[in-house]
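**Student:** Numbering (the working numbering), first residue to last: 13 to 259. Backbone N, C-alpha and C define an ideal beta-carbon position, used for all residues, glycine too. Since we're looking at a predicted model, the values are computed, not measured.
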């Protein structure tokens, strides 16, 4: 006989979950069910599962046809050395591969949000691409400049997030400072994304001061919890992060 799947959800799916659900529905009909005990097989390597093979598979599937330069590959390696939580680093990894659900990326998949508009919710001027949302939008520009001033750095906005990561790495005098800067880079991207989602889905408003404060708090918490910076009080971190990192 034949059967069919019945889907019941405890809550309404988020947009990114709807994408995953559609991919699941496409794959299920290709699965042949047989009587017997299930077994796991990893088809990429004969010896079994390895993290390296899974990482390479994810890289190929998330950026098909994209060839990264040596410096960009170095950034991919270094972002995982940050004290930021794994889910945050994974988000940054997907962002660098332009695989997060921005309005333009969703539109390219035929998924409409906000009535089909692809306009950035922070500036209401340009289309919401990854580069625009996190680097060139007026709101993102003000956030980054506030962070640069806080760190005592003068950085001209680069052309992409890879170069921005490398600029912060080059500005660090030692590994302690570098780890702190990497944490701040991740925190800034994470907070900009949270702000975008709050404005889009929770009737929130963009708030530059709150965004900068959240970046300071998150980067301080992450760095202390992983013991990547010397112990310092939060007010010290807000006042002079360089002094905390140089201890």
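Would residue 159 and residue 200 be called neighbours here (beta carbons separated by less than 8 angstroms)?
**Tutor:** Residue mapping note: residue 159 aligns to position 147 of the chain shown, counting from 1. Residue mapping note: residue 200 aligns to position 188 of the chain shown, counting from 1. Yes; because the gap between Cβ atoms is below 8 angstroms, this pair is in contact.
**Student:** Just to confirm my understanding: we take residue 13, look at its own chain, exclude 5 residues before and 5 after, and list those with CB closer than 6 angstroms. What are they?
**Tutor:** For the purposes of this step, residue 13 is identified with residue 1 of the chain shown, where counting begins at 1. In this prediction, residue 13 scores a pLDDT of 48, lower than 50, which makes its location untrustworthy; no coordinate-derived value is stated.
**Student:** Between residue 202 and residue 230, is the Cβ-Cβ spacing less than 8 angstroms?
**Tutor:** Locating residue 202 in the chain shown gives position 190, where the first residue counts as 1. Locating residue 230 in the chain shown gives position 218, where the first residue counts as 1. Yes, Cβ-Cβ distance for residue 202 and residue 230 is below 8 angstroms.
**Student:** Quick one, which of 220, 252 and 196 has its alpha-carbon nearest residue 176's?
**Tutor:** The sequence position of residue 176 within the chain shown is 164, counting from 1. The shortest C-alpha separation from residue 176 is found at 196.
**Student:** Excluding the 5 residues flanking residue 246 on each side, which residues of the same chain have their C-beta closer than 6 angstroms to its C-beta?
**Tutor:** Within the chain shown, residue 246 is the residue found at index 234, counting from 1. Result list for residue 246: 232, in chain order.
**Student:** Any idea what DSSP makes of residue 130, helix, strand or coil?
**Tutor:** The count along the chain shown starts at 1 and reaches residue 130 at position 118. Note: residue 130 maps to coil in three-state DSSP.
**Student:** Could you tell me whether the Cβ atoms of residue 234 and residue 102 are closer together than 8 angstroms?
**Tutor:** Within the chain shown, numbered from 1, the residue matching residue 234 stands at position 222. Within the chain shown, numbered from 1, the residue matching residue 102 stands at position 90. Contact: no.
**Student:** Looking at the structure shown, is residue 96 part of a helix, part of a strand, or coil, going by DSSP?
**Tutor:** Your numbering for residue 96 matches position 84 in the chain shown. Residue 96: coil per DSSP, three-state reduction.
**Student:** Please report the Cβ distance between residue 216 and residue 225, rounded to the nearest whole angstrom; I am assuming they are in contact, meaning their Cβ atoms lie under 8 angstroms.
**Tutor:** For the purposes of this step, residue 216 is identified with residue 204 of the chain shown, where counting begins at 1. For the purposes of this step, residue 225 is identified with residue 213 of the chain shown, where counting begins at 1. 15 angstroms between Cβ atoms; not a contact.
**Student:** If you draw a straight line from the alpha carbon of residue 236 to that of residue 218, how long is it in whole angstroms?
**Tutor:** Within the chain shown, the letter at position 224 stands for residue 236. Within the chain shown, the letter at position 206 stands for residue 218. One C-alpha to the other measures close to 28 angstroms.
**Student:** According to DSSP, is residue 49 helix, strand or coil?
**Tutor:** Translated into the one-based positions of the chain shown, residue 49 becomes position 37. The answer is coil: DSSP assigns residue 49 none of H, G, I, E or B.
**Student:** Report the rounded CA-to-CA distance for residue 20 versus residue 54, giving the unit in angstroms.
**Tutor:** The count along the chain shown starts at 1 and reaches residue 20 at position 8. The count along the chain shown starts at 1 and reaches residue 54 at position 42. Taking the straight line from one Cα to the other gives about 30 angstroms.
**Student:** Under three-state DSSP, which class holds residue 13?
**Tutor:** For the purposes of this step, residue 13 is taken as the residue at position 1 of the chain shown. Residue confidence is low: residue 13 scores 48 on pLDDT, short of 50, so the model does not pin down where it sits. No coordinate-derived value is stated.
**Student:** My understanding is that residue 204 touches residue 119, with C-beta atoms under 8 angstroms, so please give their C-beta distance in whole angstroms.
**Tutor:** Here the question's residue 204 lines up with position 192 in the chain shown. Here the question's residue 119 lines up with position 107 in the chain shown. The Cβ separation is near 20 angstroms, so there is no contact.
**Student:** Near residue 125, which residues of its chain fall below 8 angstroms by C-beta distance, leaving aside the five closest residues on each side in sequence?
**Tutor:** Position 113 of the chain shown holds residue 125. Cβ within range, chain order: 27, 115, 118 and 212.
**Student:** Could you tell me which uninterrupted alpha helix (DSSP H) segments, each at least 4 residues in length, are contained entirely in the stretch 168-195, listed from first to last along the chain?
**Tutor:** Qualifying alpha helix (DSSP H) stretches, in chain order: 173-183.
**Student:** What would DSSP say about residue 139, mapped onto helix, strand or coil?
**Tutor:** Here residue 139 refers to the residue found at position 127 when the chain shown is read from its first residue. Of the three classes helix, strand and coil, the one that applies to residue 139 here is strand, per DSSP.
**Student:** So what does DSSP say about residue 55, is it helix, strand or coil?
**Tutor:** Within the chain shown, numbered from 1, the residue matching residue 55 stands at position 43. Coil at residue 55, not helix or strand.
**Student:** Judging by CA-CA distance, which residue of 178, 192 and 60 is the nearest neighbour of residue 89?
**Tutor:** Within the chain shown, the letter at position 77 stands for residue 89. The candidate whose alpha carbon is nearest that of residue 89 is 178.
**Student:** Do you know whose CA, among 121, 150 and 123, lies nearest residue 133's CA?
**Tutor:** Here residue 133 refers to the residue found at position 121 when the chain shown is read from its first residue. Nearest C-alpha to residue 133: 150.
**Student:** Taking residue 155 and residue 214 to be in contact with their CB atoms under 8 angstroms, please state how far apart those CB atoms are, rounded to whole angstroms.
**Tutor:** Looking up residue 155 in the chain shown gives position 143. Looking up residue 214 in the chain shown gives position 202. In fact, because the Cβ distance is near 19 angstroms, the residues do not count as touching under 8 angstroms.
**Student:** How should residue 58 be labelled, buried or exposed, when 16 other C-beta atoms within 10 angstroms of its C-beta is the threshold for buried?
**Tutor:** Here the question's residue 58 lines up with position 46 in the chain shown. Exposed, because fewer than 16 other Cβ atoms sit within 10 Å of the Cβ of residue 58.
**Student:** Tell me whether residue 256 sits in a helix, a strand or coil according to DSSP, three-state version.
**Tutor:** Here residue 256 refers to the residue found at position 244 of the chain shown. In the structure shown, residue 256 sits in a helix (DSSP, three-state: H, G or I).
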